[in-house]
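Scroll down for the structure; my scribbles are underneath it.
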Amino acid sequence: MEHHLPVLLIITPLVAAPLCVLVRQRLAVFGLSLTVCWATFAMAIMLLVRVLDSGEITYQLGGWSAPWGIEYRIDTLSAFVMLFVSGIGAIVLTFAPHSIAREIREDQHYLFFAEYLLCLTGLLGIAITGDLFNLFVFLEISSLSAYALISLGAREGVQQTRRALIAAFHYLVMGTIGATFILIGIGLLYMMTGTLNMADMAERLRAEVQINRKLMDVNETRTVLVAFAFLSVGISLKMALFPLHMWLPNAYTYAPSVVTAFLAATATKVSVYVLLRLIFTIVGASFAFEKLPLDTELMVLSLIGIVVASTTAIFQTNIKRMLAYSSVAQIGYIALGISFASLDGLTGAIVHLFNHALIKGGLFLAMGCLVLRLGSAELDDLRGIGRRMPWTMFAWVVGGLGLIGVPVTAGFISKWYLISAALERGWWPVALLVLLSSLLALVYVWRVVEAAYFQDSPEQHAEVTEAPAAMLIPTYVLIGATVFFGLWTSLSAGVAQQAAQLLLEVTP
Amino acid sequence: MNPETTIKLALALPLATAATTVFLGERQRNLRESFTLFGAVALFLVIAMLAPAVTSGARPAATLLEMIPGLAIAFEVEPLGMLFAMVASGLWIVTTCYSIGYMRAHHENHQTRFFVCFAVAIFAAVGAAMAANMFTLFVFYEVLTLSTYPLVTHHGTEAARKGGRTYLGILLFTSVAFLLLAVVWTWTIAGTLDFRPGGILAGKADNTVLCALLGLYVFGTGKAALMPFHRWLPAAMVAPTPVSALLHAVAVVKVGVFTVMKVAVYIFGIDLLRTTGISVWLMYVAGATILLASLVALTKDNLKARLAYSTISQLSYIVLGAMLANSWGVIGGSMHIAMHAVGKITLFFCAGAIYVTAHKTEISDMRGIGRTMPLTTFAFLLGSLSVIGLPPFGGSWSKWYLALGAAEAYQWPLVAVLMISSLLNIAYLIPIVVRGFFFAPVDGPEKPKIKEAPMLCVVPLCVTAVGGLALFFFAGRIYELLTPIAQLSGN
Amino acid sequence: MKQHSILRVVAKLLIPFILLFALYVQFHGDYGPGGGFQAGVIFAAGIVLYGLVFGLQAARNVAPPIVMERLIALGVLIYAGTGVAAMFCGGNFLDYSALEYSFLQGSLLERHLPHGQHLGILLVELGVGITVAAVMILIFFSFAGRERSR
């Protein structure tokens, strides 16, 4: 059983999804999904422990050895990503019942669970596989189920929820463009190297080849450069790096709260993982950062993205949309960390994958509680809610403090690494920009705080009560985790540092 | 009890008090109040237990956890921190009594939230006092800002919201944009953030970098209210007076100047500052703040506003002491932390007592107040004399040492500033007392009946007023406590 | 289009052969062009033709949407199930070589029944075929159904 752990992690949700469709009965489906998600989380924990103990794990699908067969390859980074993806999957699903009863049509609930499990499968699969095309397949699985999940926000008869369909469609179009770019990149790389296995491809890219009677490395050929360009643009779109982020605000705003919580915490992070694999495992840091100016490009785009997205967030009246723009800014931090190409920078980026997943997941769960009781996520409707739903708002405030990066929250840890990395290189304007963006975050978080605590409730919300415990507990688990991992960082920052070290050592 | 446990207990006590207060809530008011008082007394005693060790030269230490690989939340009690911790915990006892009296007399809402945030703020102040490295100090500094926000915006009104915005805006802006940058920069240059005698930056960077770094530290410590980042202090006067009293006359602002002092002595080192002369421009900024703030205080009719600007001015005395970078300056500045705390808290207590009893906030309305509230007004006189710095009050010692320090550094303009500011202090404080005792009341009969503030308010303010007097005689002990720091300067 | 008798008659004649051809393509994927994806689409095309000629309701009677939905799930389960069966037989996931069975060994049937890689591929392609057919039919129903409601 131990030997099969990697594949069990994937096939458990994969098998459970069609079972949900077959069973159909709401309670049974929920029970099945919940069990499966927590089991998956347990397996992810076991895998991380094994990887930290004994190093990389490999598993060959179908018994075919690499590079002919598809192999699953788990190193510290993969295990770390799978840990928080499955963890958030489990916690958000525990939160789900009340929320989806309010926001999704009852006869579609079993489809919600099935698609949720499929999305989880896809995301975990991306992190676990060592084969580039297999990665693309899982990417598509997670994307397609994400589009479907977002469209579930549309309820017949409720006019304004139709925007969920449009948002899902826009996401579908842009996501497919991104996926197509990625596929083109993979195709070109396959053409030049003859293999799809990532480790094998890395070796073959450094082989010598004769083009037009000139001897050069494979990775100096124009084809590979173009392939890398396609791949990085496609991945940037999937991870919502400025300016390819336009699909994100609408998708997060109009999707059901549970879907937003899950996707915001996981989907973009896994795309960052793909970028990390591409840069450090396949093409190598020297190719990406020395031969090509990827570091400058990432830094410029991420800095602009951070400032522009944070500023846009300040002017939003819908809180979910505000948090969506905030997510774009936070992805900017992660990309900035990668662009430093140093141990501190990379550690900051990887730890922020984890920290931001917790913070945003918790914030969107709190939003789910608010939407349950208020029926809306507008700032106007949130007036005075601090008195009526004290626990929910307190959780929201702590999450908001995490976004700002106040000490004692996880956000501070990531910021520290980013600023250290910037100052190490002597780039104090970059450090200053990161700090100023915290202040921008302060502005948009405080708008909500002031509305919730200092203003009077509008009349129609006078009878609103606190959210049910079944929803508050998962919210507090995630928010509590942001405080916990703001104090005790050996799991988050410690493992992130190990992962970063491994990436930098092994990179060609 | 070994020192490590004592330190951890000192940190746990205010937190435990906060937790108990949450659970007891409004329904068990008296029990809640008793627990807070008990916690305050216990905290003072626990901290006092560390005093003998520190005075004899030991440095009790404890480490809590490693927050970032290489940077731990660690504590080490040295003389300056010892002084500050004792001041903060001692005055917490007095302020708790006063708060109980004030809040009940005023029938304030959200009293549980008040006492909880208070306890957390004290926790942050004590944590900052005992910090062993700049990282720990920064963490507690931020916790203090956040825990005092609900206190400042206690009334929940529009004015409170605006005041809270200015408060949080300036403090977080300075701490994030300047102080955090300075801290990470120091970490990058020096490889450590520990507070060490003689500093950690000697020889690590050239003078321009060090000068910029010092500027970032001093301006980044917004709580020290150095101009132009001083506006949060008057804005925070929207808070109930007990909040203004402890936090803005003692804990919050004192954490600010304490940070500046620690940075000067243990991060840069007094010798480094003196030999490179990088702190001279900041001496003048402090001097300017002293004068300007006093001048503004003269124009304010609202008593709390006048006291706020007076605090801004007095805080810059301590900053000046730190920037003078010689033993007299450091001792004078450090001593002033205690002297000013006791003096100012008396003044704020009196202001609150007057508000609760006579419902007056403007000084022009306070004519003849001495006839209805003689004890309070007399205490106000004692507090004023301490703040002005006249013997036999404690404030005179700290001002004397500061003047000596300025003279030793040949900064004659700054000696003049100190003199002028004392005169200005007299000008904006004494008339209040004179008007209170010798002028006829604005409204009501010529010889009104005595109606003092509630007992729980009057007793604390009398205690602190007398405390200012007592500190004159205790100054010697404080001097002994602080000498090791001064000896670090090598002169 | 029921009125057009030529279409009706020809469709009635062709549809069984289309379906049969789909099965042929399904099972001969390892000998020639074919396999699950192609077979599924051809099968669905047969049902689509039926729907076009005899009406959507008739097609719905033959291939009820509920059943189609269940078939989609079933197909995926067959595929994944094959992989899991391989695990139970001692190999890795989807290691078809492990799909050996000890009974019937030595008997006359052994030579004719597939095993190992052959069995594995047949099973997964079956799963794929079922899912693809059901998906294409459901997609047709969604679009055709919308057309009618306008």
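Going down the list, the protein sequences come from chains X, B and A.
Sequential numbering of the first sequence, starting at 258, is according to my numbering.
Sequential numbering of the second sequence, starting at 404, is according to my numbering.
Sequential numbering of the third sequence, starting at 21, is according to my numbering.
From the three backbone atoms N, C-alpha and C, an ideal C-beta is built for every residue, glycine too.
Please read these numbers as outputs of a predicted model, since none were measured by experiment.
For a cut-off of 8 Å, the C-beta gap from Met-664 (chain B) to Ser-719 (chain B) is around 13 Å, too long to register as a contact. Residue pairing by DSSP places Ile-468 (chain X) opposite X:Lys-471 in a beta bridge.
Excluding the 5 residues flanking it on each side, Thr-568 (chain X) has same chain C-beta neighbours closer than 8 Å at Leu-697, in chain order.
Boundaries of the alpha helix (DSSP H) harbouring Glu-407 (chain B): 406-427, taken from the DSSP string. Residue-level contact check: Gly-589 (chain X) does not touch chain A, since none of the beta carbons of chain A fall below 7 Å from its beta carbon.
Within chain X, Val-278 have C-beta atoms less than 8 Å from the C-beta of Glu-89 (chain A), given in sequence order. Contact annotation for Gln-317 (chain X) against chain A: Asn-112 [CB-CB distance below 7 Å, chain order]. With a threshold of 7 Å between beta carbons, Val-148 (chain A) makes no contact with chain X. Contact between the segment 593-604 of chain X and the segment 655-665 of chain X is absent: fewer than 3 CB-CB pairs across the two stretches fall below 8 Å. Residues of the same chain with a CB within less than 8 Å of the CB of Phe-875 (chain B), apart from the 5 flanking positions on each side, are Pro-794, Pro-795, Phe-796, Gly-797, Ser-799, Trp-800 in chain order.
Not a single CB atom of chain A sits nearer than 7 Å to the CB of Ile-398 (chain X). In the three-state reduction of the DSSP assignment, Gln-317 (chain X) falls in the strand class. Approximately 19 Å separates the beta-carbon atoms of Leu-396 (chain X) and Ala-336 (chain X); this is outside 8 Å, ruling out the contact.
Ranked by Cα distance from Gly-751 (chain X), the options X:Phe-487, X:His-609, X:Lys-471, X:Leu-629 are led by X:His-609.
Taking a beta-carbon distance threshold of 7 Å, Leu-584 (chain B) counts as an interface residue toward chain X. Per DSSP, reduced to three states, the secondary structure at Thr-591 (chain B) is helical. Interface with chain A (7 Å Cβ-Cβ cutoff): Val-264 (chain X) is included. Its Cα nearest to that of Ile-268 (chain X), the residue X:Cys-294 stands out among X:Ser-528, X:Thr-553, X:Cys-294, X:Gly-312. Using beta-carbon distances, Val-152 (chain A) does not count as an interface residue toward chain X, since no partner is under 7 Å. Within the segment 326-343 of chain X, no residue has a Cβ lying closer than 8 Å to any Cβ of chain A. Contact of Glu-723 (chain X) with chain B is not assigned, every C-beta pair being separated by 7 Å or more.
The Cβ of Gly-320 (chain X) sits closer than 7 Å to at least one Cβ of chain A.
When C-beta atoms of the segment 402-417 of chain X are compared with those of the segment 323-343 of chain X, fewer than three pairs fall below 8 Å, so the two segments do not count as touching.
A straight line joining the alpha-carbon of Trp-684 (chain B) with that of Thr-515 (chain B) spans about 45 Å.
Under the Cβ criterion of 7 Å, Val-272 (chain X) is counted among the residues facing chain A. Take the alpha-carbon of Lys-565 (chain B) and the one of Leu-409 (chain X): they are about 42 Å apart. DSSP places Arg-330 (chain X) in the uninterrupted beta strand (DSSP E) bounded by 328-331. Under DSSP, Phe-478 (chain B) forms a beta bridge with B:Ala-465, B:Ala-534.
Under the DSSP definition of a beta bridge, Asn-705 (chain B) partners with B:Glu-765. Taking each of X:Leu-265, X:Ser-311, X:Leu-620, X:Met-496 in turn and checking the Cα distance to Leu-532 (chain X), the smallest one comes out for X:Met-496. Look at the segment 538-557 of chain B: the residues with a C-beta under 8 Å from a C-beta of chain X are Phe-541, Val-542, Glu-545, Val-546, Leu-549, Thr-556.
At least one C-beta of chain B is nearer than 7 Å to the C-beta of Leu-680 (chain X). Beta-bridge partners of Glu-635 (chain X) (DSSP): X:Asn-575. Contact annotation for Asp-115 (chain A) against chain X: Gln-317, Leu-318, Gly-319, Gly-320, Trp-321 [CB-CB distance below 9 Å, chain order]. Within chain X, the residues whose beta carbon sits less than 7 Å from that of Phe-576 (chain B) are Leu-696, listed in sequence order.
Here the alpha carbon of Tyr-712 (chain B) sits roughly 20 Å from the alpha carbon of Ala-819 (chain B).
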